[in-house]
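Residues in the sequence shown are numbered from 13 upward in steps of one, following the working numbering. Every residue gets a Cβ at the ideal spot worked out from N, C-alpha and C, and that includes glycine. The structure displayed is predicted, hence computed values, not measured ones. A quick write-up on the structure given underneath.
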Amino acid sequence: MFDIELKQELNSIKLQYNSTLYKVDGFDYQLNPFAFIKDSNKISLINLRDFQTVEIIDSFIGNQNNDWIKNHNLLNFKIENVAEGQIYELIDVQDKSEQMKNQNKTEIRKISIKIP
Numbered sequence: 013m014f015d016i017e018l019k020q021e022l023n024s025i026k027l028q029y030n031s032t033l034y035k036v037d038g039f040d041y042q043l044n045p046f047a048f049i050k051d052s053n054k055i056s057l058i059n060l061r062d063f064q065t066v067e068i069i070d071s072f073i074g075n076q077n078n079d080w081i082k083n084h085n086l087l088n089f090k091i092e093n094v095a096e097g098q099i100y101e102l103i104d105v106q107d108k109s110e111q112m113k114n115q116n117k118t119e120i121r122k123i124s125i126k127i128p
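The structure is reproduced here in structure tokens:
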């Protein structure tokens with residue numbers, strides 16, 4: 013975390029190799045400090061104020077050397093606010109080409125989660 017006004021690092025986190033951080037739709041450090049982390053095995057949710065991380069679902073990134081696949085394979089949209097929290101919809105694109113010998117296979121999943 014970097015404070016651009018003070019021009020200094022506030023905190024840092026170590027992510028698993030080949031992880032990508034996606035801020036939640038409607039990100040606000042004070043009111044909505046969450047981001048999704050997608051690595052080669054799973055999707056997690058992280059609170060960027062206290063750095064607590066919760067695993068959401070298993071996932072897979074196949075061709076990790078392809079920056080487009082690695083960086084554009086998770087989208088999130090805020091659906092609504094409910095009394096108990098916020099509902100988000102995730103679109104998870106999984107490239108399973110490496111798992112399938114001599115075949116290209118992509119799976120697209122739609123996942124809804126509630127953040128308290």
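When the alpha-carbon of Thr32 is set against those of Ile123, Ser71 and Asn23, the nearest one is in Ser71.
For Asn88 against Asp37, the beta-carbon gap comes to about 5 Å, under 8 Å, which counts as contact. Residue nearest to Lys54 within the set Thr65, Gln98 and Phe46 is Thr65 (criterion: CA-CA distance). Across the set Ile99, Thr118, Arg61 and Ser56, the C-alpha of Ser56 shows the shortest separation from the C-alpha of Ile69. For Tyr41, there is no enclosing beta strand (DSSP E), as DSSP marks it with neither H nor E. Sequence-distant partners of Lys122 (beyond 5 residues in either direction) whose C-beta falls short of 7 Å from its own C-beta, in its chain, are Glu101 and Ile103. DSSP places Ser56 in the strand class (E or B) of the three-state scheme. Listed in chain order, the non-local C-beta contacts of Ile58 below 6 Å within the same chain comprise Ala47, Ile49 and Thr65, local neighbours out to five positions each way being set aside.
Within the same chain, Pro45 come within 6 Å of Arg61 by CB-CB distance, once the 5 residues on both sides are set aside.
With 16 or more neighbouring CB atoms inside 10 Å of its own CB, Asp107 falls in the buried class.
Beta bridge pairing from DSSP links Arg121 with Asp104.
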